[in-house]
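In what follows, a single structure is set out as structure tokens and then discussed.
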Amino acid sequence: MTTPFGPEEAQAYLHKLLKVMHHMGASDLFIAADFPPSVKAQGAMKPLSQQKLTGHVTRALALSIMNEKQQREFETELECNFAISLPEVCRFRVNVFVQQQSVGMVIRTIASEIPNFDKLALPEVLKDVIMSKRGLVLVVGGTGSGKSTTLAAMIDYRNAHSAGHIITVEDPVEYVHKNKGCLITHREVGVDTLSWHNALKNTLRQAPDVILIGEIRDTETMEHAIAFAETGHLCLGTLHANNANQTMDRIINFFPEERRNQLLMDLSSNLRAIVSQRLIRTEDGTGRKAAIEILLNTPTIAEMIFKGNFHGIKEIMHKSRELGMCTFDQALYELYNNGYIAYEEALRNADSVNGLRLQIKLHGGRKEPAEGAATPADTLSMQLDDEAAEGDQQADSK
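Quick note on my numbering: the sequence shown kicks off at 1349 and runs consecutively.
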């Protein structure tokens, strides 16, 4: 890979890497200069080759999957986001960037099959949330926490169980839904619309029932989201936040102090739910399970939001399981108690380690393991090695 090669060779090599990545069930492919092409599978990084890529190669690989418009954008902005499809494999979300004057790229798998509630084992209360007539629903979590997957399952449920118009505004479009009971309009920023501003400004003129905003990144987008909910629509969006409390703080920080009181009033009236999630490695090392925190805007929660009393929200969530609410630690407790995740993994992801440890000790069907008990980490590492080797062999045979 150290000698120059043309666009066709670059594209063929990248497609080979993507096929291996897909075969392994990996989530991300990393392309960077002075580093071998690598994937992340079950949260662990795995090189696909012993050979490091050169800056020339990484640039050629990136340009090989861009159209002319994307190439111009990249040359101007030094950043570019888009999606690609590999026939008979799946769709991928691509982020191209520059680091240390070399081109880098991260490509994320987008499952071709729309996930459903049963497959993801999502809480039943989210079916009620997605069928709401109006309100603001935020799905939050870190990068790679499965926010888009959860939203896709929720949209699919609404699509199958109602009639109406669902508009998604994304950059790029990830899951492509087929029309069932609903007409679904997918709009990709930079492809179907020039900007987030243009798309969101014109959305209400398209008679939507549900509006999905791929990511709420700034004050203007947050204003649109609240306005959509206020005018009688169901608005879904994602944010980068760790839990419900942090989400409220992030929303508040989008706006100047003088708008705080009006904002709290708007949120208390229009928020429907905050769904926070993290992906936790399973005990057998074969996958990950979502730990999901759910905040529902009950009259009590609405009053607390109106008063800006965010710190008291978690206690109300903890006491409101019968309404469908759930804290992260309660979700982790259920995953551990049902045998999905290991004890140490549960504690590692807990908001309150001591609180979760005590809950498991007093109420859990499974007790904490004896000190020094074996973990599946070594098995996982070996399994990934086997999968990568098998993937390389299959790719080489194509």
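Cβ atoms here follow ideal geometry from the backbone N, Cα and C, with glycine treated the same way.
- Linking K1662 to L1411 through their CA atoms gives a straight-line distance of about 47 Å.
- The way I'd put it, the segment 1644 to 1661 doesn't touch the segment 1680 to 1694; fewer than three beta-carbon pairs between them come closer than 8 Å.
- Between L1560 and L1584, the CB-CB gap stays under 9 Å.
- For L1627, the enclosing beta strand (DSSP E) has its first and last residue at 1619 to 1629.
- Around the Cβ of M1479, a 10 Å sphere holds fewer than 16 other Cβ atoms; the residue is exposed.
- Between Q1390 and G1633, the C-beta spacing is below 9 Å.
- Here T1567 is not near V1517, since their CB atoms are 9 Å or more apart.
- Measuring C-alpha to C-alpha distances from D1382 to each of V1405, A1577, F1603 identifies V1405 as the nearest.
- The C-beta of Q1678 has 16 or more other C-beta atoms within 10 Å across all chains shown, which makes the residue buried.
- For a cut-off of 8 Å, the C-beta gap from L1470 to T1595 is around 19 Å, too long to register as a contact.
- Listed in chain order, the non-local C-beta contacts of E1563 below 6 Å within the same chain comprise T1586, local neighbours out to five positions each way being set aside.
- Scanning N1645, R1608, M1369, M1414 for the CA closest to the CA of M1393 turns up M1369.
- Going by DSSP, K1662 is part of the alpha helix (DSSP H) stretching over 1661 to 1666.
- T1567 sits in a helix when the DSSP states are folded into three classes.
- DSSP places R1598 within a helical segment (H, G or I) once states are collapsed to three.
- Pairing W1544 with T1579 gives a Cβ-Cβ distance that is not under 9 Å.
- The three-state secondary structure of G1580, taken from DSSP, is coil.
- The C-beta distance from I1455 to L1377 rounds to 4 Å, short enough to fall under 8 Å.
- At the C-beta level, L1474 and T1491 stay beyond 9 Å of one another.
- Under DSSP, R1636 takes part in a beta bridge, and its partners are R1629.
- In this structure L1362 does not touch G1483 by the C-beta definition: roughly 42 Å separates them, more than the 8 Å allowed.
- Among the bridge pairs identified by DSSP, S1386 is matched with F1378, P1395.
- Contact check between the segment 1417 to 1433 and the segment 1394 to 1403: fewer than three CB pairs, one atom from each, fall below 8 Å, which does not count as touching.
- As summarised for the segment 1440 to 1491, the continuous beta strand (DSSP E) elements at least 3 residues long and confined to that stretch are 1450 to 1458, 1483 to 1488, given in chain order.
- Shown here, F1430 sits in a strand according to DSSP, grouped into three states.
- Under the three-state reduction of DSSP, G1494 is assigned to coil, being neither helix nor strand.
- In the DSSP assignment, the residues bridged to L1643 are I1622.
- In the displayed model, H1525 falls within coil according to three-state DSSP, outside both helix and strand.
- Non-local C-beta neighbours of K1528 in its own chain, meaning closer than 6 Å and more than five positions away in sequence, comprise N1507, A1508, ordered along the chain.
- Beta-bridge partners assigned by DSSP to L1587: V1488.
- Between the beta-carbon of V1524 and that of H1534 there is about 6 Å, and that keeps the pair under the 8 Å contact cut.
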